[in-house]
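Here the structure comes first, spelled out in structure tokens, and everything after it is commentary.
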Amino acid sequence: MASGAVGLQTHIWRNNTRSIMLIALYPFLMLGLVWIVGALVGGVFYAGTVEPAVALDRAMSFGNGIVLTYWPLVMAAVGAWFLVAYFFQARMLRSLSHARPVRRTEEPALYNLLENLCIAQGMTMPRLEIIETPARNAYASGIDRRSYTVTVTRGLLDALGKDEIEAVLAHELTHIINRDVRLLIVSIIFTGMIGFLAQLIGSSLRHGLYHQGGRGGRQGDGRLFLLMMAVWAVLWLGYLATVFTRFALSRRREFMADAGAVEMTKNPAAMMRALLRIAEQDRIPDTPDDIALMCTANSRKFLGLFATHPPIDQRVQVLSAVTGTPTPALSPWSRSGRKTEERS
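Here's what the structure looks like:
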């Protein structure tokens, strides 16, 4: 138990450190992107006017000049983006997921389950929200105690038993305790900034192609178009790099949260059953990948290729091996729902 506590504290410390590093890294990443854009502008401007080696040297100098001139503006823009996202991220996530806040009077059993878990852990109870969808899933979000939230779907409440719902809630609370949520939200905030800029450039390119088709392409227009294409490509490469960083953060945290849920509830079988039931219908319709990335389970694959979560079967096998609990078998009847009395 002591070694487990040390491991957990190390995980929390690493997540806190990574959050700070991400906050410090992204402004410099943006400066790097600005330098590349400046060098591309210089390259387009000097191409064909001087020798290639001279053009390259002048392009790099132009990029240096852009960074030295505009770095305060870049830092201010990054800071403003983070502040806006910090204060409005809960509202934005609620809008993206179509979740709604829940009061004790509306869902007393669910509310009491979450409250009892928080009391046992000595932690402030996060806000509770529900997404009205038959999908079965849940996620935790927020950056601090003011914004921490646990969100569950109606389908999860309808399909899982009381002990299984408790295990899912414990899983999400573990994400909050481990600071996984803070780290992921910070990465989403800054990844969103790069993605927004890439989409903005992409829209400008489409607009330029539409209007350029009606008139003869002049050399200046062609250079501008190539420049914007290069900038767009650089931004998307930066976006993909940050997204893959988020994947690395996401996969390990799920194993830790599964273990934390078992530690809270002392019921590994319930956690395994919950994962198996969620896996049958985990996709929440009309939600972006950022929401799916935070969920208990996510069968979506980024670009159809890359898994953001470990496979459910692997997570169940790990829990079974670590706790010495046989893998539960769900009966065909129980796959379609649980009796009302089992949740009472």
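In the numbering used here, each residue carries its 1-based index in the sequence shown increased by 1295.
Positions of the beta carbon are idealized from the N, C-alpha and C atoms, including for glycine.
- In the displayed model, A1433 falls within a strand according to three-state DSSP.
- The stretch 1551 to 1569 makes no contact with the stretch 1355 to 1368: fewer than 3 CB pairs, one atom from each, lie closer than 8 Å.
- Scanning the stretch 1374 to 1455 for uninterrupted alpha helix (DSSP H) segments of 4 residues or longer gives 1403 to 1416 and 1449 to 1454, listed from N- to C-terminal end.
- Setting aside the 5 residues that flank it on each side, A1564 is surrounded in the same chain by T1620 and P1623, each with a C-beta closer than 6 Å to its C-beta; the list follows chain order.
- Put simply, of R1568, L1378 and H1470 the residue whose alpha carbon is nearest the alpha carbon of L1455 is R1568.
- Sequence-distant partners of S1392 (beyond 5 residues in either direction) whose C-beta falls short of 6 Å from its own C-beta, in its chain, are I1426, T1582 and I1586.
- The Cβ neighbour count for P1403, taken over all protein chains shown within 10 Å, is under 16; the residue is labelled exposed.
- The beta carbon of P1396 lies closer than 6 Å to those of E1424 in the same chain, with the five residues before and after it left out.
- For D1608, the uninterrupted alpha helix (DSSP H) segment begins and ends at I1607 to T1618.
- Closest in C-alpha terms to A1462, from the list E1575, D1608 and M1559, comes M1559.
- With respect to the C-alpha of I1471, the residue from Q1609, A1556 and A1394 having the closest C-alpha is A1556.
- Put simply, the backbone Cα of G1490 is about 16 Å away from that of L1320.
- Counting C-beta pairs with one atom in each stretch, the stretch 1520 to 1539 and the stretch 1477 to 1493 have three or more that are closer than 8 Å, which means they touch.
- The criterion of a C-beta distance shorter than 7 Å is not satisfied by W1330 and M1488.
- Relative to G1338, the option among M1370, D1352, A1415 and T1446 whose CA is nearest is D1352.
- Cα atoms of E1401 and Q1612: separation of roughly 36 Å, rounded to the nearest angstrom.
- Spanning the alpha carbons of P1606 and R1595 requires a straight line of approximately 11 Å.
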